Amino acid sequence: MGRTGEKARSLVAEDPAFAEALTVVLDRSGHAADEPTPDGGTHTIRWADVSDDLTSGQWGRLIETGILHDADGDGFAVSNPDEIRAALGDDSVETDTEDEDSGWSTYDKLAGLAALSLFPAYTIMPIRNAVGQAADVIFGPFDAVLPFYAVVIILSVLTGLYSVLLQSNLMNTEKMGAIQEQMNDIQERRKEAKERGDDAALDRIQEEQMDAMSDQLGMFKEQFRPMVWILLLTIPVFVWMYWKTGVRGGGAEHIVAAERSIVLPMLGRMELTEQIGGFVWVWLLWYFLISISFRQIIQKSLNLTTTPST
Numbered sequence: 001m002g003r004t005g006e007k008a009r010s011l012v013a014e015d016p017a018f019a020e021a022l023t024v025v026l027d028r029s030g031h032a033a034d035e036p037t038p039d040g041g042t043h044t045i046r047w048a049d050v051s052d053d054l055t056s057g058q059w060g061r062l063i064e065t066g067i068l069h070d071a072d073g074d075g076f077a078v079s080n081p082d083e084i085r086a087a088l089g090d091d092s093v094e095t096d097t098e099d100e101d102s103g104w105s106t107y108d109k110l111a112g113l114a115a116l117s118l119f120p121a122y123t124i125m126p127i128r129n130a131v132g133q134a135a136d137v138i139f140g141p142f143d144a145v146l147p148f149y150a151v152v153i154i155l156s157v158l159t160g161l162y163s164v165l166l167q168s169n170l171m172n173t174e175k176m177g178a179i180q181e182q183m184n185d186i187q188e189r190r191k192e193a194k195e196r197g198d199d200a201a202l203d204r205i206q207e208e209q210m211d212a213m214s215d216q217l218g219m220f221k222e223q224f225r226p227m228v229w230i231l232l233l234t235i236p237v238f239v240w241m242y243w244k245t246g247v248r249g250g251g252a253e254h255i256v257a258a259e260r261s262i263v264l265p266m267l268g269r270m271e272l273t274e275q276i277g278g279f280v281w282v283w284l285l286w287y288f289l290i291s292i293s294f295r296q297i298i299q300k301s302l303n304l305t306t307t308p309s310t
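Counting from 1, position 86 in the sequence shown corresponds to residue 86 in full-length UniProt numbering; the numbering is continuous, with no gaps.
Have a look at this one:
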């Protein structure tokens, strides 16, 4: 079976409702029967032809996967209808009970629970000390040979690197871009229908928008998926820095006296635990300045995408 057939099988395995959607598309495009296209032409189909039976999310998914491709501005054509018919007739197609809509695996969910379990380390001292001392096994050797501000630079670069890599690899930016473009199109058509007072069109667009809400929820899940891994790796880093600097009663003795200050541009020498404007510590500001700068450099140099592709 070719690639188009495999894509059709995957869609049906992902959501059994796609079997009916594909059947409708084949029927409305003139490919329901195993017959050649008249005059060697190309059957085309538009959204209006199937909007009564397909959701906008299903339509967008068929375009996204390449099962439907643009027919030079004359609607969309079905790619390899023979393979799709064969895939629909294959009894081996099974539905997947995994949460494919969100793309979250069991490991993702466990990572989320583990990250949540680490949050109390910010405020509960025994947990902070335990996490800080455990993290010190990893970061302590760097702190032993480098001043604390330099260790913060290393940690900010490291967290920026794995954050970009996780977002780039765990998010389907093309799928997110397709959903975003679809929602923008719905909003634009809704605005136009409202301006011309077309109540019937507004009702149809409202139904389409409600159908697309599940796709939008899937996009939010897709965006949040890498965050659980980023939090799982980053919380111990921050707890270690909290423990090291001694803010909120953590014990300032974890940093030697000679390393408790830093010279900042325009601000001069300041204590790491001093607060700027009364709300942000100097060490935390230093971390974010380095992290934001190197994150952009990493993203550009590795040509990684962490935002929806449109």
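Backbone N, C-alpha and C fix where the C-beta goes; we use that ideal spot for every residue, glycine too.
It should be emphasised that the depicted structure is a prediction, and the values quoted were computed from it without experimental measurement.
Distance check for G30 and D52, CA to CA, integer angstroms please. Looking up residue 52 in the sequence shown gives position 52. Looking up residue 30 in the sequence shown gives position 30. Going from the Cα of D52 to the Cα of G30 covers about 17 Å.
Less than 8 Å separating the beta-carbons of A212 and I186? As a first step, residue 212 must be located in the sequence shown, where it is residue number 212. As a first step, residue 186 must be located in the sequence shown, where it is residue number 186. Yes, they are a contact pair.
Roughly how many whole angstroms lie between the Cα atoms of V164 and A200? Taking the first residue of the sequence shown as position 1, residue 164 is located at position 164. Taking the first residue of the sequence shown as position 1, residue 200 is located at position 200. Answer to the nearest angstrom: the Cα atoms are 45 Å apart.
Taking the C-alpha atoms as reference points, what is the distance between E6 and T245? Working through the sequence shown from its first residue, we reach residue 6 at position 6. Working through the sequence shown from its first residue, we reach residue 245 at position 245. Each residue's Cα considered, the two are about 55 Å apart.
Check for me: the alpha helix (DSSP H) holding E20 runs from which residue to which? As a first step, residue 20 is located in the sequence shown; it is residue number 20 there, counting from the start. Unbroken alpha helix (DSSP H) run through E20: 17-28.
Check whether the region 143-160 touches the region 252-266, counting contact only when three or more Cβ pairs, one atom from each stretch, lie closer than 8 Å. yes
Beta strand (DSSP E) runs contained entirely in the region 119-156, provided each spans 3 or more residues: As far as the region 119-156 is concerned, it has no whole beta strand (DSSP E) run of at least 3 residues.
Please name the residue, chosen from A21, A8, L62, T159, that lies closest to Q296 on a Cα-to-Cα basis. Sequence index remark: in the sequence shown, residue 296 carries index 296 (1-based). With distances taken between CA atoms, Q296 lies nearest to T159 out of A21, A8, L62, T159.
Between which residues of its own chain and G132 is the CB-CB distance below 6 Å, once the five residues before and five after are set aside? Within the sequence shown, numbered from 1, the residue matching residue 132 stands at position 132. Same-chain partners within the cutoff: V239, W240, W243.
Work out the CA separation of V280 and L272 for me, nearest whole Å. Within the sequence shown, the letter at position 272 stands for residue 272. Within the sequence shown, the letter at position 280 stands for residue 280. If you draw a straight line from the Cα of L272 to the Cα of V280, it comes to about 10 Å.
Rounded to the nearest angstrom, what separates A130 and L166 at their Cα positions? For the purposes of this step, residue 130 is identified with residue 130 of the sequence shown, where counting begins at 1. For the purposes of this step, residue 166 is identified with residue 166 of the sequence shown, where counting begins at 1. If I take the Cα positions, the gap works out to 27 Å.
Please return the same chain residues whose Cβ sits closer than 6 Å to the Cβ of residue 318, not counting the five positions on each side in sequence. With the chain represented from 1 up to 310, any question about residue 318 goes unanswered, as that position is not in the structure.
Does S56 pass the burial test, meaning 16 or more other C-beta atoms within 10 Å, or should it be called exposed? Taking the first residue of the sequence shown as position 1, residue 56 is located at position 56. The residue is buried, with at least 16 neighbouring Cβ atoms inside 10 Å.
In the structure shown, what three-state DSSP assignment does W104 receive? Start at 1 with the first residue of the sequence shown, and residue 104 comes out as number 104. The answer is coil: DSSP assigns W104 none of H, G, I, E or B.
Top-ranked residue by Cα proximity to N184, from T173, Q209, K194: The sequence position of residue 184 within the sequence shown is 184, counting from 1. Restricting attention to T173, Q209, K194, the CA atom closest to the CA of N184 is found in Q209.
D203 to E222, Cα distance in whole Å? Residue 203 sits at position 203 when you count from the first residue of the sequence shown. Residue 222 sits at position 222 when you count from the first residue of the sequence shown. Each residue's Cα considered, the two are about 29 Å apart.
Around the Cβ of N80, are there at least 16 other Cβ atoms within 10 angstroms (buried) or fewer (exposed)? As a first step, residue 80 must be located in the sequence shown, where it is residue number 80. N80 is buried by the Cβ-count criterion.
What does a CB cutoff of less than 6 Å around T44 pick up in its chain, not counting 5 residues either side in sequence? Reading the sequence shown from its first residue, position 44 is the one you call residue 44. For T44, where only same-chain residues beyond five positions count, the Cβ hits under 6 Å are A71, D74, G75, A77.
So, are the CB atoms of E64 and K194 less than 8 Å apart? Within the sequence shown, numbered from 1, the residue matching residue 64 stands at position 64. Within the sequence shown, numbered from 1, the residue matching residue 194 stands at position 194. Contact flag unset, no.
Pick helix, strand or coil for I205, following the three-state DSSP scheme. Numbered from 1 along the sequence shown, position 205 holds the residue referred to as residue 205. Here I205 sits in helix by DSSP.
Alpha-carbon spacing of A115 relative to A48, whole angstroms: As a position in the sequence shown, residue 115 is number 115, starting the count at 1. As a position in the sequence shown, residue 48 is number 48, starting the count at 1. Spanning the two alpha carbons is a distance of roughly 46 Å.
Taking 6 Å as the limit between beta carbons, can you name the residues of its chain near A178, skipping five residues before and five after? In the sequence shown, residue 178 corresponds to position 178, counting from 1. Contacts found: G60, E64.
Leaving out five residues before and five after F294 in sequence, what residues of the same chain have Cβ atoms less than 7 Å from its Cβ? Working through the sequence shown from its first residue, we reach residue 294 at position 294. Excluding positions up to five away in sequence, the list reads S156, V157, G160.
So, for A21: in the same chain, excluding its five sequence neighbours on each side, which residues have a beta-carbon less than 6 Å away from its beta-carbon? As a first step, residue 21 must be located in the sequence shown, where it is residue number 21. Excluding residues within five positions, the ones whose Cβ falls inside 6 Å are L54, Q58.
I'd like to confirm the pairing. Which residues does DSSP put opposite H43 in its beta bridges? Counting from 1 along the sequence shown, the entry for residue 43 is found at position 43. DSSP lists no partner for H43.
Length of the line joining the Cα atoms of D82 and V25: As a first step, residue 82 must be located in the sequence shown, where it is residue number 82. As a first step, residue 25 must be located in the sequence shown, where it is residue number 25. The alpha-carbon atoms of D82 and V25 are separated by roughly 13 Å.
So with Cβ pairs under 8 Å, would you call V263 a contact of chain B? In the structure shown, chain B cannot be found, because there is only a single protein chain.
For S10, collect the residues of the same chain with a Cβ closer than 6 Å to its Cβ; drop the 5 residues on either side in sequence, then sort them by chain order. By one-based count along the sequence shown, residue 10 stands at place 10. Closer than 6 Å at Cβ, skipping near neighbours: no residue.
Please report how far the alpha carbon of G197 lies from the alpha carbon of R28, in whole angstroms. One-based indexing of the sequence shown puts residue 197 at position 197. One-based indexing of the sequence shown puts residue 28 at position 28. Distance between the alpha carbons of G197 and R28 is about 30 Å.
I think L170 touches P226, with their Cβ atoms under 8 Å apart; what is that distance to the nearest whole Å? Within the sequence shown, the letter at position 170 stands for residue 170. Within the sequence shown, the letter at position 226 stands for residue 226. Confirmed, about 4 Å.
Express the C-alpha separation of N172 and I124 in angstroms, rounding to a whole number. As a working note, residue 124 is residue 124 in the sequence shown. As a working note, residue 172 is residue 172 in the sequence shown. Each residue's alpha carbon lies about 37 Å from the other.
With 16 other Cβ atoms within 10 Å as the buried cut-off, status of Q182: Position 182 of the sequence shown, counted from the start, is the residue given in the question as residue 182. Counting Cβ neighbours within 10 Å, Q182 comes out buried, since at least 16 surround it.
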